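First to last, the protein sequences are chains F and P. First residue of the first sequence: 93, per my numbering; consecutive thereafter. First residue of the second sequence: 267, per my numbering; consecutive thereafter. Structure, as structure tokens:
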Amino acid sequence: MKDNASNPAILELENLSKSFDLDKGFLETIKFKKGRITREKRSVHAVNDISLTITKGEALCVVGESGCGKSTVARLVSGLLNPTKGAIHYDGHRIDTLKGNALLPYRKRMQMIFQNPYASLNPRMTIQQALEEPVRHHNPSFSRGQIKDKVTEVMQSVGVDPSWASRYPHEFSGGQRQRIAIARALTVDPEFVIADEPISALDVSIQAQVLNLMLEAKEDRGLTYLFITHDLSVVQHFGTRVAVLYLGSICELADTATLFANPKHPYTRALLSAVPQLSDDRPNHIRLKGEIPTPINLPKGCPFQSRCAYADARCGTEQPLAIEQSDGSVVACHAVEEGRID
Amino acid sequence: MPLLSVRDLVVKFAMRDETVTALKSISFDVARGDRLGIVGESGAGKSVTGFALLNLISRPGFIDSGEILFDGMNMADMSDAELREVRGNKMAMIFQDPMVTLNPVLTIGQQMVETLQAHRKLSRKEAEQIAVLKLREVYIPAPEERLAQYPHELSGGMRQRIIIAIALLLDPQLIIADEPTTALDVTIQADIMELLLELCTTKKVSLILITHDLGVVSQMTENTLVMYAGRIIEAGRTREIINDPQHPYTQGLINALPQQTLPGERLKQIPGNMPSLSAAPKGCAFNARCEFAQDRCRMEVPNFEQIGPVKVACHEVRRLHHETHKQEDLA
């Protein structure tokens, strides 16, 4: 594994928060409660106070269950959403406040791959058109020939025959479409790729093909990845570092090997124990109480307290801080901090 | 006599231009109390198999030939009235998406009572009592209150528990679960699977679990069928198949899992895609993706035969099996 400490940070998230208002208009905020008319504004707290640094050349995986805010993180980083609080720095420059043309150079360096290749390719555009569009947009000085060469080169690199360029997306299988979606991200030679569940819509044998392709692109082009997934076996294989997200907060951040060998946060432990294994021995599945609460009214204190076997009075009142452990992992848990969990 | 015996089942779909064969003569048995996993990628025919067992294939699909003997009766020949007697009562199905399975405009109670009253002469009160009992069996907290709730008021995991409770209402002998946890998170999936396993073992209910997840099959089932392009290509004890897969496709499927390779290294991928039903190649459907394929594989469909502890449909497997064993003997 590469030594990340010597590498410069490419992306920094600083106390990033995002909430979505449920009651948008004035009238929606008016509620009738206990015989009184009151004004109440509810919002979904999707991401709460996340700080992260991604260094050049690494593949940071963000894992968590549905509703934990992992896709929101991807969308915030790529500029598809604006943060409610906090800042995003890319290569030392603050990018979350930029708009329009000022953002364009960063868009070229940063590309996104989405989950569903059936939805991310325009059905009315041929593959050639779909792949040419970003090249032309980001390189206005390119001649037609140059654009065409670029498209051919990228198609070859993702293993799609360039002679198929005149076909439409519906003529391709899911795996091929995802390759084309990856090609589309690579046509502008980005240095940083945000991938939001890029393989979860694909079959097992196709998942391996696409993961291999992404690993190759990482080696050949020196890409840095922010990889969003719920699949822990993929994380173990692909990621250099892992951030475990629960209800919009990071509960554990560690090197992949450290996290899988020695998970510390009670949620991380439960998550790892729930992955179905091929082996004979049934892993001791740690059962969590109840289900993930709604992010509308976040509990005071630790977001995980309602399902945690180690929760005590302090967890109910005080939000745990992210504390660095002796092996370099960062854990936000009172029980770990107090040494209540071995 | 096995509880369920499927013999040479062929299911076809009459499309506008052509008739495609989704199931190309499959045969298997499910013993009483057995848990069978059906594994395959999308389009392999595993869901069609599940639907066909309940004779739920609807137009343009139809059961072309073959027998589905459930407890000695052929499901493929039954009248609608006879089918209604079996469905839900003796054989129940759990589908992938609990939001689509439950009726959004009826309360949980109404849906459960409706199912019970359709099969048994029960008063509303009696039916509700059974419903509460079954909800308790699937560990739903405060079951009495749930009866008055609508599906949208419950979480995904809770809904899937309710589906399982509904499937269990009439104490069926066989449950067919089609990707029951694919729409759920891993921690919830582990809970649901544990629950299904517990219910099947304590109640001696047979289970057919349709899934694409080899990990789930490995933890849940005793026997496994691997399907590819409408055929069963490998069948046997789950342990044997997971630990020592014989068919090149099964081997590829297991080797493609990220946990089978060291972190950061290239995964062992199966090249290409599964052929579509209308463009199935001649001979073995896997031949274009198979590293061992010979001329014969491109001409003849391989027989499904016993090789060692498992049944496999592959021309080359006998030779490969023989060679590896010879090497082991030499070593």
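We put the beta carbon where it would ideally sit given N, CA and C, even for glycine. Computed from a predicted model, the values in this text were never measured in an experiment.
Just mark residue i as buried or exposed, buried being the case when its beta carbon has 16 or more other beta carbons within 10 Å.
i              : result
I360 (chain P) : buried
R128 (chain F) : exposed
A408 (chain P) : exposed
I291 (chain F) : buried
M281 (chain P) : exposed
K110 (chain F) : buried
T468 (chain P) : exposed
K356 (chain F) : buried
Q424 (chain P) : Contrary to the premise, residue 424 (chain P) reads as Met rather than Gln in this sequence. So M424 (chain P) counts as buried.
Q572 (chain P) : exposed
F118 (chain F) : exposed
Q238 (chain F) : exposed
Q377 (chain P) : buried
Would DSSP call residue i helix, strand or coil?
i              : result
M281 (chain P) : coil
F118 (chain F) : helix
R386 (chain P) : coil
R350 (chain P) : helix
D312 (chain F) : helix
V67 (chain F)  : Missing from the structure shown is residue 67 (chain F); chain F here goes from 93 to 434 and no further.
N96 (chain F)  : Note that N96 (chain F) has pLDDT 46, beneath the 50 cutoff, so the model's placement of it is unreliable and no number is given.
R325 (chain P) : coil
R216 (chain F) : coil
I291 (chain F) : coil
C407 (chain F) : helix
I187 (chain F) : coil
L168 (chain F) : helix
N539 (chain P) : coil
C580 (chain P) : coil
K123 (chain F) : strand
L434 (chain P) : helix
S484 (chain P) : helix
Name the chain F residues that come within less than 8 Å of residue i, Cβ to Cβ?
i              : result
K312 (chain P) : Near K312 (chain P) there are no residues of chain F at all, since even the closest Cβ is about 12 Å away, more than 8 Å.
Q535 (chain P) : S297, A300, Q301, N304
H478 (chain P) : D295, V296
N553 (chain P) : Per Cβ cutoff of 8 Å: no residues; N553 (chain P) is ~15 Å from chain F at best.
N539 (chain P) : S265, G267, Q268, I298
In the DSSP assignment, what residue or residues form a beta bridge with residue i?
i              : result
M306 (chain F) : For M306 (chain F), which the question treats as bridged, DSSP gives no partner whatsoever.
G303 (chain P) : P:L475, P:T490
M202 (chain F) : F:F284
A598 (chain P) : Since the first residue of chain P shown is 267 and the last is 597, residue 598 (chain P) is not available in this structure.
V286 (chain P) : P:F279
S341 (chain F) : F:Y338
I146 (chain F) : F:L103
E416 (chain F) : F:V422
E333 (chain P) : P:R273
Would you mind telling me which residues of chain P sit closer than 7 Å to residue i, beta carbon to beta carbon, in chain order?
i              : result
R379 (chain F) : D457
S325 (chain F) : L523, P524, Q525
S158 (chain F) : D451
A362 (chain F) : T453
In terms of residues, what are the limits of the alpha helix (DSSP H) holding residue i?
i              : result
F352 (chain F) : 348-353
E224 (chain F) : 219-230
G502 (chain P) : Segment 497-503 is the beta strand (DSSP E) holding G502 (chain P); no alpha helix (DSSP H) there.
K240 (chain F) : 236-249
G178 (chain F) : Per DSSP, G178 (chain F) belongs to no alpha helix (DSSP H); it is in the beta strand (DSSP E), 177-182.
A366 (chain F) : Looking at the DSSP string, A366 (chain F) is not in any alpha helix (DSSP H), and its letter there is neither H nor E.
K312 (chain P) : 312-319
K469 (chain P) : 452-469
H329 (chain F) : 324-330
Going along chain F in order, which residues have a C-beta closer than 7 Å to the C-beta of residue i?
i              : result
H418 (chain P) : The contacting residues do not exist; H418 (chain P) stays about 13 Å from chain F at best.
S421 (chain P) : E383
E307 (chain P) : D295, V296, S297
R532 (chain P) : N304, L307
I508 (chain P) : L370
G518 (chain P) : S297
Taking C-beta pairs closer than 9 Å, name the residues in chain P that residue i reaches, listed in chain order.
i              : result
P368 (chain F) : V452, Q455, A456, M459, D479, L480, G481, V482, V483, S484, Q485, M486
Q328 (chain F) : P524, Q525, P529
At which residues does the beta strand (DSSP E) containing residue i begin and terminate?
i              : result
F570 (chain P) : 570-573
A151 (chain F) : 151-155
D113 (chain F) : 101-113
I129 (chain F) : 128-131
A275 (chain F) : First-last for A275 (chain F): 266-278, but that is the alpha helix (DSSP H), not the beta strand (DSSP E).
Quick check: is the beta carbon of residue i nearer than 8 Å to any beta carbon in chain A?
i              : result
I378 (chain F) : Note that chain A does not occur in the displayed structure, where the protein chains are F and P.
Residue i touches chain P at which residues, Cβ-Cβ below 8 Å?
i              : result
H322 (chain F) : D451, V452
T348 (chain F) : P529
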